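Participant: Got a structure for you, written out below as structure tokens; questions coming shortly.
Next comes the structure, spelled out in structure tokens:
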């Protein structure tokens with residue numbers, strides 16, 4: 044495992060999760076610091092988990108990745124929840140604005 048790339052390590056971790064029959068998976072920045080090809084592979088694995096009925100909590104600053112695989116987004120700023128939106132009712136720009144404080148949730 045030490046000689047694997049970041050993306051390969053992520054794939055192994057996700058495969059372990061699938062084998063463990065977990066009901067919920069917490070992923071903290073799973074697409075950070077990996078290649079574009081590896082990002083696509085990790086996102087496909089996340090979709091596979093979702094399609095298997097496994098809840099995935101994805102922590103990420105990469106909005107394109109979030110909007111590719113998520114059903115909803117909960118925005119945190121300074122340790123507080125500032126928004127809870129469906130992906131269909133939001134945009135990457137809105138979420139980024141909520142994260143930075145440029146947009147205030149009404």
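In this note's numbering, the protein residues as written are 44 to 149.
For each residue, glycine too, the CB sits at the ideal point set by N, CA and C.
Note that this is a predicted model, so its numbers are computed, not measured.
Among 84, 63, 140 and 141, whose alpha-carbon lies nearest the alpha-carbon of residue 108?
Facilitator: 84
Participant: Give me the Cα-Cα distance between residue 52 and residue 95, rounded to the nearest whole angstrom.
Facilitator: 21 Å
Participant: With a 10 Å radius around its C-beta and 16 neighbouring C-beta atoms as the bar for buried, classify residue 67 as buried or exposed.
Facilitator: Residue environment for residue 67: exposed (fewer than 16 other C-beta atoms within 10 angstroms of its C-beta).
Participant: Which residues in the same chain as residue 130 place their Cβ atom closer than 7 Å to its Cβ, once the five residues preceding and following it in sequence are excluded?
Facilitator: For residue 130, where only same-chain residues beyond five positions count, the Cβ hits under 7 Å are 110, 113, 114, 115 and 116.
Participant: Output needed for residue 78: all residues of its chain with C-beta closer than 7 Å, excluding positions within five of it in sequence on either side, in chain order.
Facilitator: 50
Participant: Classify residue 127 as helix, strand or coil using the three-state DSSP reduction.
Facilitator: strand
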